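*Asks:* Per full-length UniProt numbering, the sequence shown runs over residues 1 to 514. Virtual Cβ for every residue (Gly too), placed ideally from N, Cα, C. All of these numbers come straight from a predicted model, not from anything done at the bench. Following this message is one structure expressed as structure tokens.
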Amino acid sequence: MTKFFNHEHIASSKQNHSLKFHLFPCLPREIRLHIWSLSLSQHRFIPIWVSSTTDDSNPDQNNRSRLYSSYNYLGNIISGSHYELSINDSVSNTVSPFLSTTIESRSAALDFFHICLPIARGQVRISPEYDVLFLQSWDKDPSLLANILHDIRAYDPKDEGLLHLALAHAEKSTFFNVPQPSNLLSGHTALLVDEDFDAFLHHETNDEVPYDPPVDKGEQDVQAVSPQVTDNAMIDDNETGAFHDETLSFLTRQSRERSDNFPSSVSKKKDDIHSIATASLVDILSNKLRSLWCVEQPIRKTRNSYRHHRTAHHRPMSPLTKTCPTMPSLDRIDRSYIKFDWLENDPRPVKLDLKQLRFKKDPRRFYHSWRVLEKTLGVQHTVPFQIYVCVATQMSPLEESELEKNVARYTSTNPAVRQIVNRHHQADLAESEIGPELPVRDFGSHLQVSGPGCLRNDESYTQLEKDATTTIGMWIFPGEAFGIVDENNVSEVYERVNVRANVSDLPGLAVLDI
């Protein structure tokens with residue numbers, strides 16, 4: 001039976017909590033409200049599905065002049081972009097029980113979940129401070145991202161908007177897979193060529209709707225505010241200043257090499273991002289967004305990283321990555337959100353598994369691409385901002401399994417999720433035992449299997465098998481943990497495949513309440 005760190009951690013944190021406190025009504029109102037607020041303070045992942053509502057047969061519907069021309073009930077301008085948002089479960093299951101407990105608890109909950117975001121069927125309430133919005137199933141169009149971030153802020157009466165954004169890596173992503181930060185806002189698949197890039201940087205539209213980024217009452221306009229930033233929040237000019245131009249030169253060189261792979265109608269398309277969306281995006285990235293979570297999978301999506309590769313002594317060259325966190329596929333889990341605890345350092349014995357991390361693409365591109373995007377847009381952080389690279393394996397598919405056929409029903413309860421994980425682990429273990437053997441005669445008597453990814457130390461292997469506990473969640477690495485991109489390695493970072501991660505610091509750990 002698999003040992004679950006989730007169960008040990010969450011159970012230990014709750015075992016001393018009493019469910020009843022009879023003297024609560026006797027406390028002063030200020031203390032009661034503070035207790036309600038503390039009870040609500042829980043991190044959540046909220047998978048949000050993005051789908052287009054554009055009707056290609058109705059050209060009038062797609063009229064650009066209709067964008068950013070209407071207002072919501074709060075009196076804030078909204079994008080009017082043709083998309084809709086949805087969640088996994090019914091809206092009723094997103095409502096906090098605090099909203100219907102007492103008048104006092106409802107007041108605290110409404111203040112805590114103060115963004116009321118319209119979705120396809122109803123609304124979802126969001127706490128900017130504690131919720132991480134995980135965008136799913138979208139076309140990676142940066143202009144769409146700008147519209148979504150703008151609209152979320154428009155529905156926040158406190159004008160905070162989204163503070164924590166999670167984006168999953170996809171092979172066709174225009175954000176991180178292709179080195180094209182200079183062309184991010186155009187939404188093109190191809191890179192800009194040299195003559196397009198200057199026009200992009202100096203592009204001005206003649207849209208009639210004026211826009212001034214909203215500021216808090218009592219504050220000056222954002223351009224006049226002297227930034228009060230931390231070392232981690234500010235883009236280091238030494239890091240991206242002089243190197244910025246060299247990076248963009250590399251990107252445009254890549255553009256010329258790739259231009260033959262795309263139709264000219266695509267590479268020359270000029271449907272640039274709306275001017276209001278541009279101003280709003282720069283303001284949000286500069287003054288609102290606190291963290292970007294880049295969610296990535298190892299090169300092998302399942303926990304058995306190197307199936308069928310065995311040594312002469314029938315020991316897997318790299319054992320199952322038992323400590324690498326695992327997550328169910330979010331498109332198949334029957335929950336509208338997942339609570340999680342965030343541990344600063346993973347307390348489990350993870351160092352051996354960290355040596356085995358391999359990715360299809362270099363994880364350094366996340367931090368670098370986003371920083372170049374910020375530099376290109378002129379983003380200047382006035383609040384602390386952090387980029388994270390989040391790593392988790394995915395549960396491997398189970399064929400012809402009644403459990404798999406009804407996975408949505410089974411993932412609605414914590415015990416059922418653990419049952420699924422156990423089934424997946426059994427399948428991985430069974431498959432790891434049937435790989436082809438490598439006889440000594442094929443390699444000679446001096447066969448040596450060593451290196452950071454080949455664990456030949458039987459004692460270490462046995463200890464890993466004994467001590468490791470499975471976690472449903474994600475490793476959380478700082479964006480810089482995998483190294484910095486410079487003029488000497490930028491080509492390598494964006495062109496290499498099958499990359500072994502070079503990381504020594506212990507990652508943080510998101511432990512899902514599941």
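#1: Measure the C-alpha to C-alpha separation of Ile299 and Lys360 and round it to an integer number of angstroms.
#2: How would you call Asp505, buried or exposed, if buried means at least 16 neighbouring beta carbons within 10 angstroms?
#3: Kindly indicate which three-state DSSP category Gln223 falls into: helix, strand or coil?
#4: Considering Cα atoms alone, identify which of Leu512, Asn147, Tyr155, Ala109 is closest to Ile338.
#5: Suppose you measure from the CA of Val503 to the CA of Tyr388; what does that come to, to the nearest Å?
#6: If contacts are defined as beta-carbon pairs under 8 Å, then Ala340 and Gly473 qualify, I think. What distance do you get, rounded to the angstrom?
#7: If contacts are defined as beta-carbon pairs under 8 Å, then Pro507 and Asp346 qualify, I think. What distance do you get, rounded to the angstrom?
#8: Would you decide whether Asp283 is buried or exposed? Buried here means 16 or more other CB atoms lie within 10 Å of its CB.
#9: Are the beta-carbon atoms belonging to Thr54 and His82 less than 9 Å from one another?
#10: For His43, does the three-state DSSP call read helix, strand or coil?
#11: Taking 8 Å as the cut-off, does the segment 93-111 touch the segment 35-48 (at least 3 CB pairs, one atom from each stretch)?
#12: Excluding sequence positions up to five away, which residues of its chain have a Cβ less than 6 Å from the Cβ of Ser291?
#13: Are there three or more Cβ pairs, one per stretch, closer than 8 Å when the segment 66-77 is compared with the segment 274-283?
#14: Does DSSP put Trp293 in a helix, in a strand, or in coil?
#15: Is it true that the CB of Pro328 sits closer than 9 Å to the CB of Ala501?
#16: Determine the contact status of Thr393 and Leu352, defining contact as a CB-CB distance below 9 Å.
#17: Apart from the five residues just before and just after Val178, which ones in its own chain have a Cβ nearer than 6 Å to its Cβ?
#18: Pull up the DSSP beta-bridge partners for Val379, would you.
#19: Could you give the residue range of the alpha helix (DSSP H) that holds Tyr158?
#20: So for Ile35, helix, strand or coil by DSSP?
#21: Rounding to the nearest angstrom, what Cα-Cα distance links Ile148 and His114 in this structure?
*Replies:* On the basis of the supplied data:
#1: 5 Å
#2: exposed
#3: Annotation note: pLDDT 31 at Gln223 (below 50); position unreliable, no value reported.
#4: Leu512
#5: 14 Å
#6: The question names Ala, but residue 340 is Phe in the sequence shown. Going by Cβ atoms, the distance from Phe340 to Gly473 rounds to 6 Å, so yes, they are a contact pair.
#7: 6 Å
#8: buried
#9: yes
#10: strand
#11: yes
#12: His164, Gln386
#13: yes
#14: strand
#15: no
#16: no
#17: Model confidence at Val178 stands at a pLDDT of 45, short of 50, so the residue's coordinates are unreliable; what they give is reported in the following sentence. Hits under 6 Å: none found.
#18: None, per the DSSP bridge assignment.
#19: Checking the displayed sequence, the identity of residue 158 turns out to be Lys instead of Tyr. Per DSSP, Lys158 belongs to no alpha helix (DSSP H) and is neither H nor E.
#20: helix
#21: 17 Å
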